[in-house]
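Numbering (UniProt numbering), first residue to last: 1 to 424.
In what follows, a structure is listed as structure tokens, so that the remarks can point back to it.
Encoded structure:
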């Protein structure tokens, strides 16, 4: 009589075969047991199988061809900035279950990402549609909401920062790498997506959103600017993507701070505003944040950073009808820190987008004294800032039509990325 006692290693070895029979081929438990006995001389009790199936998180609701079809369709719609919800046999799909399925099938996940599979022409009982939009505020409520957002902003700085432990005061300058990496990737994502390089663009965007979690947890004085940056980085050609970024950022804040935090309420209000009003409200909010810190006792470097970020936000939102008379603050190249260098890089990249190539060259070259300082090579943000500088140079060359120079800069980008970011 064959033994029904099996080691963890034996169960692990046979897991792919059991998974295929039970989940992919939708066989009953009895059929799975019979097939395993015939094919592998593997004998176990129904109770043992149920324990393992539960432990592995197997779900036989979805077949392999259904998962492939939904995954490819979702990826295709995301490239167009569309959100998706699916229904299989009349029941809404919990996408977390699809992700668990793909986690159990890394081979399938790899093929989907690499574009090695195609959607079948078979008629599955699958329905895909966009989710219903949130209710939109009427324009008559915009002024009222602007006042409320300003109160929430004030509450954020008063309750969340001015009473926080020493070392996290709003007037303390910190040179942290998380925000630099986050927004280097965000600008990179914007450049590629606007150039219709969707797959690498969305990859960079997803990585920047992963970094955003650390920026949020740090609660720097510029956090409100970073949040506004995320939700204004794309223009009207990508309106659905803007809404998704708002929702995602709101989710990060909600998880980190809880429902009652002022910034959670602020982001929720921004989601409800119509696009035509959202950017005007954001401009008002960030101006109020700058004004709040222009007072005695606040480090000049903090104010410099706030003004840099304020200018960059308004400069980008000018394409949405927000006019600004602000100018980018002058910086002393000999006394800049890592964050100042990052702001210069972002400004230079915006100048490239505006086809102001000579000014972009001057601003990007101001990054060099800090980058070429031997001591700064030990800074956690140095690899990101060097990559940012190289990206700006390559972007500028290609945009002005100098492809030969652009290719040379791009080769340097690849070389640097291969050394410091092998999984990029």
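Virtual Cβ for every residue (Gly too), placed ideally from N, Cα, C.
Asked: How long is the line joining the alpha carbons of residue 353 and residue 399, rounded to whole angstroms?; Found: 8 Å
Asked: Return the residue from the list 343, 6, 412 that minimises the CA-CA distance to residue 425.; Found: The structure shown does not extend to residue 425, since the chain spans only 1 to 424, so no value can be given for it.
Asked: For the alpha helix (DSSP H) that contains residue 128, what are its first and last residues?; Found: No alpha helix (DSSP H) contains residue 128, which is instead part of the beta strand (DSSP E) from 126-129.
Asked: Compute the Euclidean distance between the alpha carbons of residue 136 and residue 247, then round it to the nearest angstrom.; Found: Low per-residue confidence applies at residue 136: pLDDT is 44, beneath 50, and the placement is therefore not dependable enough to give any value.
Asked: Compare the beta carbon distance of residue 111 and residue 102 with 8 Å and say whether it is the shorter of the two.; Found: no
Asked: Under 6 Å Cβ to Cβ from residue 140, same chain only, skipping five residues before and after it: list those, please.; Found: The pLDDT assigned to residue 140 is 44, lower than 50, so where the model puts this residue is not dependable, and the model offers no usable value.
Asked: With a Cβ-Cβ cutoff of 8 Å, do residue 347 and residue 312 count as a contact?; Found: yes
Asked: Counting along the chain, where does the beta strand (DSSP E) carrying residue 88 start and finish?; Found: 85-88
Asked: Could you pull out every unbroken alpha helix (DSSP H) segment of at least 4 residues lying fully inside the segment 241-284, listed in chain order?; Found: 262-272
Asked: Where does residue 407 sit, in a helix, a strand or coil, going by DSSP?; Found: helix
Asked: So, for residue 201: in the same chain, excluding its five sequence neighbours on each side, which residues have a beta-carbon less than 6 Å away from its beta-carbon?; Found: 189, 192, 193
Asked: Any idea what DSSP makes of residue 96, helix, strand or coil?; Found: helix
Asked: Quick check on residue 400: does DSSP put it in helix, strand or coil?; Found: coil
Asked: Measuring CA to CA, which of 197, 196, 209 is closest to residue 185?; Found: 209
Asked: Using the Cα positions of residue 442 and residue 99, report the straight-line distance between them to the nearest angstrom.; Found: This structure gives no information on residue 442, because the portion of the chain shown stretches from 1 to 424.
Asked: Taking residue 38 as part of the alpha helix (DSSP H), name the residues at either end of that continuous run.; Found: 29-40
Asked: Drop a sphere of 10 angstroms on the beta-carbon of residue 42, count the other beta-carbons inside from all chains shown, and report buried for 16 or more, exposed for fewer.; Found: buried
Asked: From the DSSP output, in three-state form, read off residue 167 for me.; Found: Only weak support exists for where residue 167 lies, its pLDDT of 40 falling under 50; the coordinates are left without a value.
Asked: Run the CB neighbour count on residue 345, radius 10 Å, all protein chains shown included, and call it buried at 16 or more, exposed below.; Found: buried
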